[in-house]
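Heads up: the structure comes next, in structure tokens.
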Amino acid sequence: MQQKVGLVLSGGGAKGAYHVGVMQAIQEFGIPIHQISGASIGALNGAVLASAPNLQIGINRLQEIWHVLPESDPIQFKYGMSIDQSTKTKLGYFGFLLSAGLKLSQPLIWLTSLVPTFLVPTLSLDNLLKDDVLESMLQDYLDLTRLQSSIPLYVSIFQQHQSNSAVQDFIFALPDGLKNVFLGIDNQFAEFRHIQSLPIQQQKQVILASCALPLLFKAYEDEQGRRFTDGGQGGLLKSQGNTPIQPLIDAGCRNIIVVHLDGASLWHRHDYSDASIIEIRPSKDLGGFKQMLDFSSDTINNLIDLGYQDTKTTLDKLQQAFSGLYDLRSSTQRLQQVFNDNASKGLDTAMQNLRKKLWKPLHEKMHKSL
Numbered sequence: 016m017q018q019k020v021g022l023v024l025s026g027g028g029a030k031g032a033y034h035v036g037v038m039q040a041i042q043e044f045g046i047p048i049h050q051i052s053g054a055s056i057g058a059l060n061g062a063v064l065a066s067a068p069n070l071q072i073g074i075n076r077l078q079e080i081w082h083v084l085p086e087s088d089p090i091q092f093k094y095g096m097s098i099d100q101s102t103k104t105k106l107g108y109f110g111f112l113l114s115a116g117l118k119l120s121q122p123l124i125w126l127t128s129l130v131p132t133f134l135v136p137t138l139s140l141d142n143l144l145k146d147d148v149l150e151s152m153l154q155d156y157l158d159l160t161r162l163q164s165s166i167p168l169y170v171s172i173f174q175q176h177q178s179n180s181a182v183q184d185f186i187f188a189l190p191d192g193l194k195n196v197f198l199g200i201d202n203q204f205a206e207f208r209h210i211q212s213l214p215i216q217q218q219k220q221v222i223l224a225s226c227a228l229p230l231l232f233k234a235y236e237d238e239q240g241r242r243f244t245d246g247g248q249g250g251l252l253k254s255q256g257n258t259p260i261q262p263l264i265d266a267g268c269r270n271i272i273v274v275h276l277d278g279a280s281l282w283h284r285h286d287y288s289d290a291s292i293i294e295i296r297p298s299k300d301l302g303g304f305k306q307m308l309d310f311s312s313d314t315i316n317n318l319i320d321l322g323y324q325d326t327k328t329t330l331d332k333l334q335q336a337f338s339g340l341y342d343l344r345s346s347t348q349r350l351q352q353v354f355n356d357n358a359s360k361g362l363d364t365a366m367q368n369l370r371k372k373l374w375k376p377l378h379e380k381m382h383k384s385l
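Just so we're aligned, residue 16 is where the sequence shown starts under this note's numbering, counting upward by one.
Right under this line is the structure:
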């Protein structure tokens, strides 16, 4: 029986273009993917792959999306606010910061300037950015009908405070961030959803929730009135939400490829000793929160190329290791066969000699008696 291979796509904003190159290399190596789990942009990329007729078509669709994104300008403010570029950038930093599990120590100094000039006047806002680009992307590339009979898709989501305000949620989350940075205390864990198990009318909304960067994009509200946003915020210490491997393990998958968008992530495969895990980590520093907002064509193309090269290098090394193991095993089997053949020949010779020794006296005795 063929063993299932799972794929984990971590979150990281615009750095998600790296996933495209990773998938190109995986396809070239002929590795099948049977389950996908994603966080934030990884959930979005994973949804496109899972709903495609096959992996190659899914990769083609991802390429189209990421080549169109620079022209789409996904960072568009919703309310036509008069905000200077510096404030816009800071707000973007904070949203991506919370969703990707980056440390809060450096950007905390910006909070004093944001609260009086922007956050306080907008306490009642639910989201600051338009969802148009994400909605349009899912409309064009997510085939919900096909997804129902496709490979399992899991996403991580994070439950917000019950404030009905993205800005207040953001402020309420700061103490957890401070505890995480200065005391090493983990914050609330993300939750996981198996998309195909949800009513079809909720599936797209939950996928959007997984990449709804806090403060920036609209939260998803379920039938109990609970509000959810980007799953990458959960369990920051070891990227529990941003690298959502657990639902694949819970589903019985034991061969998993994990794709990181942060080479310094504290997530570690040894925490999951019952699974065989291949990690794909960027060989170059992809930058911090500023780069998570960079949807320029040059950056996206560079990320795709890097993802391809890193994955190819990793899989080449594994292939060589397994090839060497196979050669060693084959040599051992051939040696054992030679030993067995020689042992068999030696046994035959010994039996012949034994028969001669036993048969000759018996034959002479029988001859005398006659």
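Beta carbons: idealized from backbone N, C-alpha and C, even for Gly.
Worksheet item: In whole angstroms, what is the alpha-carbon distance linking Ile166 and Val63?
Response: 12 Å
Practice prompt. Scan the segment 234-289 and note each continuous beta strand (DSSP E) run of 3 residues or more that stays entirely inside, going in chain order.
Written response: 242-245, 270-274
Worksheet item: Leaving out five residues before and five after Leu24 in sequence, what residues of the same chain have Cβ atoms less than 6 Å from its Cβ?
Response: His34, Gly53, Gly57, Asn60, Gly61, Val274
Discussion item. I'd like to confirm the pairing. Which residues does DSSP put opposite Phe391 in its beta bridges?
Written reply: No statement about residue 391 is possible, as the shown extent of the chain runs from 16 to 385 and does not include it.
Worksheet item: Are Gly21 and His49 closer than 8 Å when you measure CB to CB?
Response: yes
Worksheet item: Using the C-alpha atoms, what's the distance from Pro47 back to Arg161?
Response: 18 Å
Item to complete: From the DSSP output, in three-state form, read off Ser164 for me.
Response: coil
Worksheet entry | Any 3 or more C-beta pairs closer than 8 Å across the segment 227-240 and the segment 256-271 | no
Worksheet entry | Simplified DSSP assignment, three categories, for Gly53 | strand
Practice prompt. Please list, in chain order, all residues of the same chain as Gln78 whose beta carbon is under 7 Å from its beta carbon, the five residues on each side excluded.
Written response: Val35
Fill in: Spatial neighbours of Gln174 in its chain, beta-carbon cut-off 8 Å, leaving aside the 5 residues before and after
Gln203, Glu206, Arg241, Arg242, Phe243
Worksheet item: Is the CB-CB distance between Arg284 and Ile295 below 8 Å?
Response: no
Discussion item. So, with DSSP's three-state summary, where would you put Ile48?
Written reply: coil
Worksheet item: Starting from Asn21 and walking both ways along the alpha helix (DSSP H), at which residues does that stretch end?
Response: The residue asked about is misnamed: residue 21 is Gly in this sequence, not Asn. Not the alpha helix (DSSP H): Gly21 falls in the beta strand (DSSP E), residues 20-24.
Practice prompt. Take Asp286 as the anchor and find which of Ser171, Ser254, Lys30, Gly45 has the nearest alpha-carbon.
Written response: Ser254
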